[in-house]
Amino acid sequence: MILQRSSAQTAAAVLLARSAQAASRLLGRGAGTALPGLIAQRIATDIILRLATQIPQGAVLVSATNGKTTTTRALATIMDEAGLQPIYNATGSNLLRGIATTLVEQANPLGRLAVTPKTIGLFEVDEATLPQAVAQIRPRAVVLGNLARDQLDRYGELDAVTARWREALNRLPEDALVVLNADDPAVASLAPGLERRVVTFGLEDDRWGRADLEHAADAKFCLRCGTKLTYRLAYYGHFGDYRCAGCGWERPRPQVVGSEVTLDGLAGLRMTITAPQGTLAVEVALPGLYNAYNILAAAAAALALGLPPEAVRRGAGRLTAAFGRAERLGIQGRQVYLLLAKNPVGLNALLRTLLSAPRPLHLLFILNDEIADGQDISWIWDADFEVLAGQAGAVVAAGKRAEDMALRLKYAGVGDVEGEEGNHARLLIQRDLPTALDLAVQRVPPGDTLYVLPTYTAMLEIRTLLTRLGYLAPYWKRG
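Put into structure tokens, the structure is as follows:
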């Protein structure tokens, strides 16, 4: 009788959640990527556990401050090439309610997942949500890409997130796999003492490193003894080859190595990946050193899970940009890139990539301060906008905190701020998003490129606008 009630409860949760999603999309109220899961959890608080345990191949969790959506997308593509059938939250809805929604979407009216023996779970997970996700999904593997300062008003300091991650990893099943970025001191510090199978990945290509850390670097001190870390080589942020002079702790030698990295501007990258399973060359249509890390994380996880190297190579070659992450489109004869920028480390990596593009750079910055962005926007003063001085053409500052963004750009030497009527000013302020987009596009010469750098909620808003105008498909319909 208890089992029957449980099954009926699961079925009711699935039915009502899927009905809510259909209604939301039909009425144009949103994508329905979170509300259905929230409804399902209210009806059956353990709905994630009930559905996740039905996945024959178990589940893999992916978390990071930057790049988790792209890493998850890359791993899903590799899994598909290997003949697996991943269930994953492709829309990037990575709180528990989003994961619940993803599972509910795959369930039938009786509360059973539509699965085959090749079905595997793959879930992008918010940094703060990882402990709860580990408890409710009981994954066979966890992939941790990086940790950086992000939304301090929501997550707290980096050390606090690291401590929560360490506790979560120690609660994994004993046979679980943990994939860690050796180049990130905060992530690599999780390996010592962890009684699970650990696989590390990292870059080894001195051409892309520097001798000192950039201003926005976060994990500057040893998490063991508090001594300031020294770097032989820093790639970006605090990622690189580091050592503690106090206690001797140093970057672990990665088991999966990315080398011979070639960056082809915004067009993509090439890289050699060396692992115990062999060496392979990959080509990816995604830009920047930060995406080299994302691909490397996905490759390390795939190989450690026993997927063939050839699936990694083919999957990397098939990979396209996740929505808002180097997504490309055309508007009125101009090429437009959407480049999500939500914290200093991530933004600096984007700016570094943009400097490889033809100048002048035509830019639309959209700064919001919603909860999902982080209501503390002081982080923009830690980003290195100064590299744009003398490199920028037409620049528009938009969003709910447009004036703050414009002030930051002014102090960076990008240009003088003028009012909304100054349509020929170098740096324009326009809070209204449709007007800002139109201004930005019109100020770009036909045939040139506009780079749109929004924070998270701003990215969703600009995509909704572009979808309404017919330039993009809704993000939940993308492959």
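Going by my numbering, the first residue of the sequence shown is number 96, and it counts up by one from there.
Where is the CB? At the ideal position from N, CA and C, for every residue including glycine.
Bear in mind that the values here come from a model prediction, so they are computed numbers and not experimental data.
- At the C-beta level, Leu239 and Pro280 stay beyond 8 Å of one another.
- When the beta-carbon positions are compared, Ala507 and Ala484 come within less than 8 Å of each other.
- By the neighbour-count criterion, in which a residue is buried when 16 or more other Cβ atoms sit within 10 angstroms of its Cβ, Arg266 is exposed.
- Put simply, the segment 312 to 324 does not touch the segment 292 to 303. Fewer than three CB pairs are less than 8 Å apart.
- Among the bridge pairs identified by DSSP, Phe460 is matched with Ala492, Leu548.
- Sequence-distant Cβ neighbours of Glu498 in its own chain, meaning closer than 7 Å and more than five residues away, are Ile524.
- Note that the C-beta distance between Leu446 and Thr172 is not below 8 Å.
- Phe296 is bridged by DSSP to Asn276, Val351.
- Per the C-alpha coordinates, the member of Ala501, Ala421, Ala406, Gly383 positioned closest to Ser451 is Gly383.
- Every unbroken stretch of the beta strand (DSSP E) spanning 3 or more residues and falling wholly within the segment 168 to 237 is given here in chain order: 180 to 183, 214 to 219.
- Boundaries of the beta strand (DSSP E) harbouring Thr374: 373 to 379, taken from the DSSP string.
- When the beta-carbon positions are compared, Ala209 and Ile142 stay at least 8 Å from each other.
- Tyr337 has Tyr326 as its beta-bridge partners, per DSSP.
- If you draw a 10 Å sphere on the C-beta of Lys437, you find 16 or more other C-beta atoms in it, and that means buried.
- Remark: C-beta atoms of Ala228 and Val274 do not approach each other more closely than 8 Å.
- Spatial neighbours of Ala106 in its own chain (CB-CB distance under 8 Å, excluding positions within 5 residues in sequence) are listed in chain order as Pro204, Leu205, Gly206.
- The beta-carbon distance between Pro404 and Gln430, rounded to whole angstroms, is 34 Å. This is too long to meet the 8 Å contact definition.
- Burial check for Pro349: the Cβ neighbour count within 10 Å reaches 16 or more, so the residue is buried.
- Proximity of the segment 390 to 409 to the segment 523 to 539 falls short of the contact definition, fewer than three beta-carbon pairs being nearer than 8 Å.
- With respect to the 8 Å criterion, Phe296 and Ala277 are classified as neighbours on the basis of their beta carbons.
- Closest in C-alpha terms to Tyr330, from the list Pro181, Ala370, Ala380, Leu308, comes Leu308.
- At the C-beta level, Ile232 and Ala147 come within 8 Å of one another.
- For Trp476, the closest alpha carbon among the candidates Gln486, Ala467, Leu462, Ala489 is that of Leu462.
- Around the C-beta of Gln537, fewer than 16 other C-beta atoms lie within 10 Å, and the residue is accordingly described as exposed.
- Taking C-beta atoms under 8 Å as the contact rule, Ala263 and Leu225 qualify, at a distance of about 5 Å.
- In the structure shown, Gly363 falls within a strand segment according to DSSP collapsed to helix, strand and coil.
- Residues Gln427, Gly428, Arg429 of the same chain have their beta carbon placed closer than 8 Å to that of Pro541, with the five preceding and five following residues left out of the count.
- The Cβ atoms of Thr167 and Leu217 lie closer than 8 Å to each other.
- Taking 8 Å as the upper bound for CB-CB distance, Leu456 and Tyr546 are in contact here, some 6 Å apart.
- If one requires a minimum length of 3 residues, the beta strand (DSSP E) runs lying completely within the segment 373 to 430 are 373 to 379, 420 to 426, in chain order.
- The Cβ neighbour count for Lys213, taken over all protein chains shown within 10 Å, is under 16; the residue is labelled exposed.
- In this structure, the CA atom of Leu361 is about 17 Å from the CA atom of Ala487.
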